[in-house]
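Scroll down for the structure; my scribbles are underneath it.
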Amino acid sequence: MPLVLPAAACMAFLAAQPASGGTASLPPCGKAEAGAAAVVEVEFRGVDGALLDNVRALSSLNRLSAAQDLDAEMIARLVQRAPAEARAALRPFGYYEPRVATKLEQEDEGWHAVITIEPGSPVMLVAQDVAITGPGRDERFLQRVLEQSPLRTGERLSHPAYDQLKGELLRAALGNGFLDARFTVSLLSVDPATLAAHARLTLDTGERYRFGPTAIEQDVVRDSLVRRMLRYQEGDWYSAEALLRTQFALDDSQYFSLSEVLPGERDRVAKVVPVRITSERNERHVWTIAAGYGTDTGARGTLGWEDRRRNDLGHRLRAQARASDVEDSVSLTYVVPSTDPALEKLAFELRGFDEQRADVETTGGTFKTALTQVRGRWQRVLSATLDSSEDKVTTASGDSTQVDRSRSLLLVPGISFARLPPDFLGTNAMATGLRAEILASTSALGSDTDFTRLNVRDERFLRLNDKWRFYLRAELGASVVGDFQELPAQYRFFAGGDQSVRGYGYQELSPVDAAGNKVGGRHLLTGTVELQRNLPRNLVAAVFVDGGNAFNTFGDPLEYSVGVGLRYRLPFLSVGLDVAQSVSEADRSPRLHVNFTPEF
């Protein structure tokens, strides 16, 4: 009696003829004990890559091999199904007549199943007829899908490529307002005997829809402010992307905790789609805390507070305090949304500060007005700053100390540009990218000195593959000054430190005055070439070369350094360790640069 079940299973398996092109073998019946659980090791031979992945995914034997309740009868049934499942797995890749052989052996600790597959000759796509009819047949976004079609005549038939082309055509049509688009012809003809396939697709676009009226349901800010955040206007061609970008704009505004931008029931006669927006209010007051440590700054911390909605016009009020070894500051900023609240603003900032740059300590205050605008892919900021400050340079000579002070009052107009990514929606440009700023001051406006200052910075990542990439950085600064001695330190240039030329201290590279104090220069030139390698567990290794200097005359020598680094990055934590050695001054000791920034 104990051998009845396994014997029956073996007999059933042997009696079942394998499908065409397949063979099967089973170990001698009677070895297994009735009802005994078994572990099955499954081995596939003859295929690899995407074919192997799909065979494994569709194999019942592979999916259930680790099950605890497998017995001899169940294993036999699963092996019996293997050839048909393997053929089904290969068919999407153009292999319609594979040969599949199965072999099942009992081992001391379970079973060993071997499935050997000979894919055979693939079916080739010999012809394809893909057409677009209707009013949208010449639209560029549909023609672009055809130009980038993954379906290739003369190559092995690929069902995924055929399905991908269908999906991309339909998504492009529906996403751009052709909401009645449908395939009038959708046929993939395959003749396994001749190894030939023919794909036929015809997409009828139907009429194109436009945006209808937008209903707004919220009581947070004025509806007129919300309407200025819409990325479309009534009467524009309907666009799913425009709805999504509107959703992003509302989310980024931080006025709302939740917003939904949904199309309504389309009017098939008028060919319009109404839109409904619902939003819930966000917390009005928010506190931010950040702390960290850097070789440049020492221990540092930031405490911030924001009133996101001073009124229903969307005005904001921000207060911030920063403290570190090189900067202590407090600021109060009032922000008024501008023409496009998602991208543009008018800000008024009052700031007091005490900063250390090399051997110069600067204390003062500023009142700044800045208008942020977006023109195409460029963010432009027009500003005017009233700056009152005092520079202090302390010189020690023997037992005596001399303190030189210089006060200045400047009115500094400025303009800056930042290159924006294609789908940018925030109010500040990204931290990396091309930035340029021009500041100027003249005695004609009541300033104590005349100067013009240009600063250009660019940062790029050049991706080589999934693991390797280059980080490139360059910065150029230049100034024209009437009397350099009267120019405040905050408008001079310094180099050196974590974000400049590593291997040197923070703002250590600078021209010196008659007493040997580092007081900053007229011009700046720095650059970095860094090769980064992604490692497991959110680690990144790097090797780099830095170069640059701050100077008064172009042509003065630059300083260079080389080094290695290791970074650990999480959404709430960033830790960086770099060790850099000066090449220009070989007798210098290597310098460790540390940056630790948790955020709360």
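In this text, residue positions in the sequence shown follow this note's numbering: the first is 145, and each later residue adds one. Backbone N, C-alpha and C fix where the C-beta goes; we use that ideal spot for every residue, glycine too.
Counting C-beta atoms within 10 angstroms of its own C-beta, residue 733 has fewer than 16 neighbours from the protein chains shown and is therefore classed as exposed.
A direct Cα-to-Cα measurement between residue 600 and residue 452 gives close to 32 Å. In the DSSP assignment, residue 392 falls outside any beta strand (DSSP E) and within the unbroken alpha helix (DSSP H) covering 384 to 397. Closest in C-alpha terms to residue 636, from the list 645, 616 and 654, comes 654. Comparing alpha-carbon positions, the option among 672, 578 and 546 lying closest to residue 659 turns out to be 546.
Annotated three-state conformation of residue 509 is strand, per DSSP. Contact between the region 206 to 223 and the region 276 to 288 is absent, with fewer than three C-beta pairs closer than 8 Å.
Fully contained in the region 626 to 672 is no beta strand (DSSP E) run of length 3 or more.
Residue 224 is classed as buried because its beta carbon has at least 16 other beta carbons within 10 Å across all chains shown. According to DSSP, residue 491 shares a beta bridge with 479 and 514. Spatial neighbours of residue 437 in its own chain (CB-CB distance under 6 Å, excluding positions within 5 residues in sequence) are listed in chain order as 443 and 740.
Under a 10 Å Cβ-count criterion, residue 612 is classified as exposed, with fewer than 16 other Cβ atoms of the shown protein chains found around its own Cβ. Annotation: the continuous beta strand (DSSP E) that includes residue 712 extends over 703 to 714.
In terms of Cβ geometry, residue 462 and residue 445 do not form a close pair [threshold 9 Å]. The residues 422, in chain order, have a CB closer than 6 Å to that of residue 404 in the same chain once the five nearest residues on each side in sequence are set aside. Taking every protein chain shown into account, the CB of residue 610 has fewer than 16 other CB atoms within 10 angstroms, so this residue is exposed. Here residue 310 carries a helix assignment [DSSP, helix/strand/coil]. With a minimum length of 3 residues, the unbroken runs of beta strand (DSSP E) contained wholly in the region 301 to 364 fall at 326 to 335, 340 to 348 and 354 to 361. Counting other Cβ atoms within 10 Å of its Cβ, residue 693 reaches 16 or more and is therefore classed as buried. Under the criterion of beta carbons closer than 8 Å, residue 345 and residue 274 qualify as touching, at roughly 5 Å. Contact between the region 321 to 332 and the region 356 to 364 is absent: fewer than 3 CB-CB pairs across the two stretches fall below 8 Å. Between residue 521 and the set 375, 384 and 564, the nearest pair of CA atoms involves 564. Residue pairing by DSSP places residue 623 opposite 597 in a beta bridge.
Its chain contains 556, 557, 558, 595, 596 and 597 as the residues whose beta carbon lies nearer than 8 Å to that of residue 584, once the 5 sequence neighbours on both sides are disregarded; these appear in chain order. Here residue 645 is buried, its C-beta having at least 16 other C-beta atoms within 10 Å. Excluding the 5 residues flanking it on each side, residue 532 has same chain C-beta neighbours closer than 7 Å at 508, 509 and 553, in chain order. Boundaries of the beta strand (DSSP E) around residue 550: 544 to 563. Taking the Cα positions, residue 549 is about 11 Å away from residue 630. DSSP places residue 442 in the strand class (E or B) of the three-state scheme.
With fewer than 16 other Cβ atoms inside 10 Å of its own Cβ, residue 683 counts as exposed.
Boundaries of the beta strand (DSSP E) around residue 532: 522 to 541. CA-CA distance, residue 401 to residue 481, rounds to 19 Å. Annotated three-state conformation of residue 460 is strand, per DSSP. Boundaries of the beta strand (DSSP E) harbouring residue 581: 579 to 585, taken from the DSSP string. For the pair residue 525 and residue 495, the CB atoms are not nearer than the 9 Å cut-off.
Closest by C-alpha distance to residue 497, out of 298, 491 and 511, is 511.
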